[in-house]
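One structure below.
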Amino acid sequence: MQNYELKASCLLFLRHHFDSINCILNFSVAVWYCSASMESNRGQNGIQLLLAAEQEAQRIVNAAKAAKMARLKQAKEEAEKEIAEFRAQMDAQFQRKVSESSGDSGANVKRLEIETEGKIHHLKKEAGRISQDVVQMLLRQVTTVKN
């Protein structure tokens, strides 16, 4: 009965400490601990209990590996989803910028025509305002004789 209790305590120890793959070193220490504890029971029963404990520990390690792989797969899928969302967002933003800058070329042409007409009107107005002064200055320069 003492061997059964020892096996149960070893299994509880293994289950408690081997939830992740990073505990393989602790696994070997635990197996050594269990084997040292069972060394007093050198009979066939002690070896079988040790083998059973090792098999249970291997099952726990394999389960931890499988859980880790599942977490990695889930993280990869989530990352790919986030990348796709980000790419779609950036593409939509780019398309919006392109449509704003190029937009309707007819509207841009119309806007440029209006601006050009406004500038031409302003220049004609200024030329009309100062043209008399320019003519007077030119006449004075041409008719004035300098020694």
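The numbering of the sequence shown is UniProt numbering, which starts it at 1 and goes up by one.
No residue lacks a Cβ here, since even glycine has one placed at the ideal position from N, Cα and C.
Within the model, the alpha-carbon separation for arginine 87 versus lysine 97 is close to 15 angstroms.
Non-local C-beta neighbours of phenylalanine 94 in its own chain, meaning closer than 8 angstroms and more than five positions away in sequence, are absent. Note that the C-beta distance between asparagine 108 and serine 102 is below 9 angstroms. Shown here, valine 109 sits in a helix according to DSSP, grouped into three states. Rounded to the nearest whole angstrom, the CA to CA distance from lysine 68 to leucine 50 is 27 angstroms. Taken through DSSP and simplified to helix, strand or coil, valine 145 comes out as coil.
Straight through space, the alpha carbons of glutamine 132 and glutamine 141 are spaced by roughly 14 angstroms. Residue burial is scored here from C-beta neighbours: isoleucine 130 has fewer than 16 other C-beta atoms within 10 angstroms and is therefore classed as exposed.
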